[in-house]
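Have a look at the structure below before the remarks.
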Amino acid sequence: MWTEMQRRNEVLSMAMRDHESLCRQSSPDMPAIARVRWRIAEASRRRLEYFVEEVLPQAEAHAASDAVRCLQTIKDRTAGYRQRISAYLADWPTEKIADDWQGYRAAAMLLRRTIHARLEDEAMIMRLVALPDPVVTPDPSGRR
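For the sequence shown, our numbering begins at -10 and goes up steadily by one.
Encoded structure:
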């Protein structure tokens, strides 16, 4: 499960790197922008769906109490995260990008930061769940 989540994160990260590279250009390559936006949207949707439907339930089932609170926090923030992405896509339809390339680039940078922050939050939680503190049970014989 963790490997699959990391794979999905990398697919999204690669698409975002491609998008960032396109945004560094002085003028928009509209066909390339449209393709990479679609890749980001698809990768983000599939990744988040997997996280919510597969990873979170497994993590909650095996998490210590501290991690459960963190899991709940990220669950609570998921709707807002989805709304920010949807709002960005609604605010920047492909046909508007060429008319305000500088504005689009600034908005895209903020969206990429939002996505990176979410990936970092999820990675922290995955580390909490995947690497719990070991429970040391004393050996009744006194041996170690």
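Positions of the beta carbon are idealized from the N, C-alpha and C atoms, including for glycine.
(message) Taking the straight line between their C-alpha atoms, what separation do you get for Gln61 and Val41?
(response) 11 angstroms
(request) For Arg35, collect the residues of the same chain with a Cβ closer than 7 angstroms to its Cβ; drop the 5 residues on either side in sequence, then sort them by chain order. (result) Short of 7 angstroms from the beta carbon of Arg35, and not among the five residues preceding or following it, lie these beta carbons of its own chain, in chain order: Arg(-3).
(message) Tell me the residue span of the alpha helix (DSSP H) that contains Trp27.
(response) In the DSSP assignment, Trp27 falls within the unbroken alpha helix (DSSP H) covering 19 to 39.
(message) Can you give me the C-alpha to C-alpha distance between Arg102 and Leu108, rounded to a whole angstrom?
(response) 10 angstroms
(request) Could you have a look at Ser54 and say whether DSSP puts it in helix, strand or coil? (result) helix
(message) At the 7 angstroms Cβ level, is Ala76 part of the contact set with chain D, yes or no?
(response) The chain labelled as chain D is not found in the depicted structure, where only one protein chain is given.
(message) Here's a check: name, in chain order, each residue in its chain whose Cβ is nearer than 8 angstroms to the Cβ of Ser33, leaving out the five neighbours to either side.
(response) Leu1, Ile74, Ile104
(message) Less than 7 angstroms between the beta carbons of Ser56 and Leu100, yes or no?
(response) The residue asked about is misnamed: residue 56 is Ala in this sequence, not Ser. No, they are not a contact pair.
(request) Count the other C-beta atoms from every protein chain shown that fall within 10 angstroms of the C-beta of Arg66, then say buried if there are 16 or more, exposed otherwise. (result) exposed
(request) Note down the Cα distance separating Glu31 from Val25, rounded to an integer number of angstroms. (result) 10 angstroms
(request) Identify whether Met115 lies in helix, strand or coil by the three-state DSSP scheme. (result) helix
(request) Can you give me the Cβ contacts of Glu49 inside the same chain, cut-off strictly under 8 angstroms, excluding the 5 residues immediately before and after it? (result) Val57, Leu60
(message) Between which two residues does the alpha helix (DSSP H) holding Arg(-4) run?
(response) -9 to 12
(message) Taking the straight line between their C-alpha atoms, what separation do you get for Trp27 and Leu11?
(response) 14 angstroms
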